[in-house]
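Using this note's numbering, read the sequence shown as starting at 165 and increasing by one per residue.
No residue lacks a Cβ here, since even glycine has one placed at the ideal position from N, Cα and C.
A quick write-up on the structure given underneath.
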Amino acid sequence: MPDRLKVAVIGASGIGQHHARWHHLSGSRVVAFAGTSEESCAKTRAQLQAYFGFDGRAYTDVAHMLATEQPDVVDVSSPFNLHKEHAIMALESGCHVVCEKPLCWDVDRDLDDILADGQAVVRAAEQAGKSLVMSAQYPAGISIYRDFYARVRGTWDAIESLEMEMEVKGRRGPKTREDIWIDVASHPLSLVLGFLPGGEIDWTTVSCAIGERENRARFDVITSEGRCDVRFVLRDIDEGVPARQFGVNGFLVNWEGFADDEGIYRARLVHGDEAVICRDFMHILIDEFGKHVRGEGGRVVVSGADALKNLQYQIALLKLAEWPV
Numbered sequence: 165m166p167d168r169l170k171v172a173v174i175g176a177s178g179i180g181q182h183h184a185r186w187h188h189l190s191g192s193r194v195v196a197f198a199g200t201s202e203e204s205c206a207k208t209r210a211q212l213q214a215y216f217g218f219d220g221r222a223y224t225d226v227a228h229m230l231a232t233e234q235p236d237v238v239d240v241s242s243p244f245n246l247h248k249e250h251a252i253m254a255l256e257s258g259c260h261v262v263c264e265k266p267l268c269w270d271v272d273r274d275l276d277d278i279l280a281d282g283q284a285v286v287r288a289a290e291q292a293g294k295s296l297v298m299s300a301q302y303p304a305g306i307s308i309y310r311d312f313y314a315r316v317r318g319t320w321d322a323i324e325s326l327e328m329e330m331e332v333k334g335r336r337g338p339k340t341r342e343d344i345w346i347d348v349a350s351h352p353l354s355l356v357l358g359f360l361p362g363g364e365i366d367w368t369t370v371s372c373a374i375g376e377r378e379n380r381a382r383f384d385v386i387t388s389e390g391r392c393d394v395r396f397v398l399r400d401i402d403e404g405v406p407a408r409q410f411g412v413n414g415f416l417v418n419w420e421g422f423a424d425d426e427g428i429y430r431a432r433l434v435h436g437d438e439a440v441i442c443r444d445f446m447h448i449l450i451d452e453f454g455k456h457v458r459g460e461g462g463r464v465v466v467s468g469a470d471a472l473k474n475l476q477y478q479i480a481l482l483k484l485a486e487w488p489v
């Protein structure tokens, strides 16, 4: 494996442009991206050149890009209804894959079929012998959060409660009801899996509501240490700065993103008068994945198995949800 991994991005005009830069900052070479048209590719190329000096090639055909560039890693940041197709294409071409969340989704397909799609992606990774990571990135910050918690409270405690509040403000207008769930639920569920590994939801305790502009979920997770009360709120807003708050045992931190003096996006975790600054969680996830692929001991923050469990929970909770008027 070369010291600098070759990375190709599918869908680099939205969140994919930030993924591309994080790959670049993590020491990889972004050799190409795939877009939907010559016009959109020209616009995206200019954005990437200004953003981090991109000097690779643009394609409108994913298969052609994979065959020509033979990348080590493919970042799938295309619309979620294309995740299955693009991830499997990349895996079958011998590439490791970073896949945007959710792992798979298609609003025109039955929920059980969506889960089967996710299983197909994970199976393709296993058959190809390649690594798969999903970019539900909050578990990348758990060790940082734990150190912050212990610094303020004096020790790390058994987890009895887990909370998250997450607001989003869509670039393409308001999101409603299940669109919010599809877009955002992977994040709190990734924290459930990250903070409570090996735990299982007690499905008799589930309460889930898919409101017009707000989704809520509450349930217990049974672990080897007992029960954990999990609550999260997902909200779409029209104005203001979206709130991002999470924590365990009532130790809630506000997540704030900002660009440092060098223009690198970073995270600030704030609890009362205390704060800690760290790399953006997605930067950590991509950096760790690059080290893993290079054989340098990096971790796969949200593995294929984690991504599939996340999707299973997301679908099962949606099936049990109420839809208040």
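N-terminal and C-terminal residue of the beta strand (DSSP E) that residue i is part of
i, result
"Q213", "Per DSSP, Q213 belongs to no beta strand (DSSP E); it is in the alpha helix (DSSP H), E202 to F216."
"I323", "First-last for I323: undefined, no H or E at that position."
"I386", "E378 to T387"
"E290", "Not the beta strand (DSSP E): E290 falls in the alpha helix (DSSP H), residues L275 to A292."
"N418", "F415 to A423"
"E364", "E364 to I374"
"L433", "Y429 to H435"
"A222", "R221 to Y223"
"A172", "K170 to I174"
"F410", "R408 to V412"
"V237", "V237 to V240"
"C263", "H260 to C263"
Closest Cα partner of residue i within the set the options
i, options, result
"M328", "D400, D366 and N418", "N418"
"A471", "G462, R395 and V262", "V262"
"E486", "W345, G178 and L296", "W345"
"I366", "I386, V405 and I278", "The residue you asked about is not Ile; residue 366 is Asp in the sequence shown. Comparing Cα positions, the closest option is I386."
"A322", "N413, V457, E460 and K333", "N413"
"Y313", "I179, P488 and A439", "A439"
"V348", "E290, H435, R443 and K265", "K265"
"S295", "G404, A304, V285 and Q301", "V285"
"Q409", "T208, G427, F359 and V434", "V434"
"C392", "D400, L398 and F383", "F383"
"A210", "Y429, A227, S177 and L275", "S177"
"G191", "F197, H183 and A198", "H183"
"T224", "I428, K207, V457 and A304", "K207"
"D446", "H188, E378 and A172", "The amino acid occupying residue 446 in the given sequence is Met; Asp does not appear at that position. Residue H188 is the option with its Cα nearest to M446."
"D236", "R168, L326 and P361", "R168"
"D274", "K455, P488 and A480", "A480"
"C259", "Y309, L267, D277 and G454", "G454"
"R185", "R463, I441, Y429 and C442", "Y429"
"Q234", "I401, L246 and V171", "V171"
"F415", "D311, D424 and S371", "D311"
"D277", "Q476, V356 and R395", "Q476"
"M330", "C268, Y302, A407 and E203", "A407"
Where residue i falls, given that 16 or more other Cβ within 10 Å makes a residue buried
i, result
"A214", "exposed"
"F244", "buried"
"L484", "exposed"
"I252", "buried"
"E389", "exposed"
"F422", "exposed"
"I450", "buried"
"T319", "exposed"
"S354", "buried"
"Q181", "buried"
"G337", "exposed"
"A280", "exposed"
"G363", "buried"
"G334", "exposed"
For residue i, the first and last residue of its enclosing alpha helix (DSSP H)
i, result
"I344", "E342 to V348"
"K248", "H247 to E256"
"W453", "Note on identity: in this sequence residue 453 is Phe, with Trp being the wrong assignment. Looking at the DSSP string, the run of the alpha helix (DSSP H) that includes F453 is F445 to R458."
"G150", "It is not possible to answer for residue 150, since the shown part of the chain is limited to 165 through 489."
"L230", "V226 to E233"
For residue i, three-class secondary structure by DSSP
i, result
"I179", "helix"
"S307", "helix"
"D400", "strand"
"R336", "coil"
"L296", "strand"
"P198", "Residue 198 is actually Ala in this sequence, not Pro. Looking at A198 - three-state DSSP - the assignment turns out to be strand."
"V271", "coil"
"R395", "strand"
"R315", "helix"
"G390", "strand"
"V440", "strand"
"R185", "helix"
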